[in-house]
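Chemist: Taking our numbering, the leading residue of the sequence shown gets 160, the next gets one more, and so forth. Pasting a structure here, questions to come.
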Amino acid sequence: MRDRRTGQPRAEALSSPWQATGRLLVYLPFTLVLLPVQMLVLALDLRVARWLPHFYHRLCCRMLGFKVVVKGDISCNRPTLFVSNHISYIDIIAFGSVLEASFIAKAEIKDWPLFGRLAKLQRTLFIERRSRHAARQRDEISERLDAGDNLILFPEGTSCDGQQVLPFKSALFSVAERSTDSSKLTIQPVSVAYTRLDGIPLRRALRPHYAWYGDMTLVPHLIEMLGIGKVTIEIIFHDPVPGDHLPTRKELADYCRRVVVAGVDAANSGRSAPAGDADLVTANS
Numbered sequence: 160m161r162d163r164r165t166g167q168p169r170a171e172a173l174s175s176p177w178q179a180t181g182r183l184l185v186y187l188p189f190t191l192v193l194l195p196v197q198m199l200v201l202a203l204d205l206r207v208a209r210w211l212p213h214f215y216h217r218l219c220c221r222m223l224g225f226k227v228v229v230k231g232d233i234s235c236n237r238p239t240l241f242v243s244n245h246i247s248y249i250d251i252i253a254f255g256s257v258l259e260a261s262f263i264a265k266a267e268i269k270d271w272p273l274f275g276r277l278a279k280l281q282r283t284l285f286i287e288r289r290s291r292h293a294a295r296q297r298d299e300i301s302e303r304l305d306a307g308d309n310l311i312l313f314p315e316g317t318s319c320d321g322q323q324v325l326p327f328k329s330a331l332f333s334v335a336e337r338s339t340d341s342s343k344l345t346i347q348p349v350s351v352a353y354t355r356l357d358g359i360p361l362r363r364a365l366r367p368h369y370a371w372y373g374d375m376t377l378v379p380h381l382i383e384m385l386g387i388g389k390v391t392i393e394i395i396f397h398d399p400v401p402g403d404h405l406p407t408r409k410e411l412a413d414y415c416r417r418v419v420v421a422g423v424d425a426a427n428s429g430r431s432a433p434a435g436d437a438d439l440v441t442a443n444s
């Protein structure tokens with residue numbers, strides 16, 4: 160089946176149910192074996208609980224056909240709050256394969272079959288969308304950061320098609336103000352983009368088959384995506400800044416978004432990410 164507009168094959172035609180089944184038959188048993196191991200090391204409070212999810216996600220990328228390409232330098236400081244755009248549940252695996260960090264995620268994810276359990280075992284911080292919980296949630300995030308934990312924040316509050324970056328919600332950036340010593344907190348903007356399919360630039364028409372947003376249903380999307388091919392995911396780590404880099408949370412959120420947008424636009428167009436984030440932000444102000 161071909162796309163009427165481009166005349167090229169649709170993703171449905173490219174997707175192989177046999178390939179999707181094969182990948183799942185490898186991934187699911189591996190996951191089910193590793194789950195009780197992670198539960199045990201968490202219960203015993205062993206240090207291995209921090210890097211085991213990292214090991215797990217690296218193997219998952221190989222099993223599921225994800226090639227993760229890292230650009231830029233990952234902050235070595237602790238604590239670091241990584242701030243990124245959000246495209247799909249695949250982002251979790253991609254970030255988990257390159258970072259030893261926990262996610263900040265919406266509360267409903269903890270009730271998802273399998274994925275919710277995996278999120279809990281990665282020490283994910285679950286947040287409610289209702290504003291009456293905002294103060295308590297900020298305190299929980301601050302406590303984790305003050306304890307030296309690295310966290311990953313998707314401040315759009317949802318996922319989108321990967322062509323754009325939605326406005327960043329500034330509320331959670333207040334952790335930079337509430338941290339015991341905001342000058343010790345590092346904030347690193349990060350751009351994620353899905354750029355190639357089997358080594359060929361990913362057409363815009365195929366992006367929705369990797370992006371997961373709107374009212375898409377998880378299981379059909381997952382099966383179709385796993386049958387398409389090997390996708391390249393670019394993760395661009397921009398220059399880190401101290402938590403007190405800007406005076407207000409809104410300015411900090413706007414700064415991070417401008418940097419992330421430039422990285423996403425560059426990756427989607429096949430260009431190199433901007434070399435200097437400071438110049439980039441000044442130019443876009």
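Glycine included, every Cβ here is placed at the ideal spot set by N, Cα and C. Quick caveat: nothing in here was measured; it's all calculated off a predicted structure.
Since residue 407 sits in a beta bridge, which residues does DSSP pair it with?
Modeler: For residue 407, which the question treats as bridged, DSSP gives no partner whatsoever.
Chemist: Does residue 296 come out as helix, strand or coil in the three-state DSSP assignment?
Modeler: Residue 296: helix per DSSP, three-state reduction.
Chemist: Would you list, in sequence order, the uninterrupted alpha helix (DSSP H) runs of no fewer than 4 residues that lie entirely inside the segment 351 to 431?
Modeler: For the segment 351 to 431, whole alpha helix (DSSP H) runs of length 4 or above, ordered along the chain, are 377 to 385 and 408 to 427.
Chemist: Decide if residue 317 is buried, meaning its Cβ has at least 16 other Cβ atoms within 10 Å, or exposed.
Modeler: It counts as exposed.
Chemist: Compare the Cα-Cα distances from residue 179 to each of 273, 246, 389 and 236 and report the closest residue.
Modeler: Nearest of 273, 246, 389 and 236 to residue 179, Cα basis: 389.
Chemist: Return helix, strand or coil for residue 176, following the three-state DSSP convention.
Modeler: Helix, per DSSP.
Chemist: Compare the Cα-Cα distances from residue 387 to each of 314, 196, 365 and 188 and report the closest residue.
Modeler: Nearest option by C-alpha distance: 365.
Chemist: Measure the alpha-carbon distance for residue 238 versus residue 343 and round it to whole angstroms.
Modeler: Distance between the alpha carbons of residue 238 and residue 343 is about 8 angstroms.
Chemist: How big is the Cα-Cα spacing for residue 431 and residue 199?
Modeler: If I take the Cα positions, the gap works out to 43 angstroms.
Chemist: Going by DSSP, what residues sit across from residue 200 in a beta bridge?
Modeler: Looking at the DSSP assignment, residue 200 forms no beta bridge with any residue, so it has no partner.
Chemist: Could you check what DSSP says for residue 301 in three-state terms: helix, strand or coil?
Modeler: DSSP places residue 301 in helix when its eight states are reduced to three.
Chemist: Please state the DSSP three-state secondary structure of residue 313.
Modeler: Reduced to three states, the DSSP call for residue 313 is coil.
Chemist: Using 10 angstroms around the beta-carbon of residue 410, count the other beta-carbons present and answer buried if the total reaches 16, otherwise exposed.
Modeler: Exposed, because fewer than 16 other Cβ atoms sit within 10 Å of the Cβ of residue 410.
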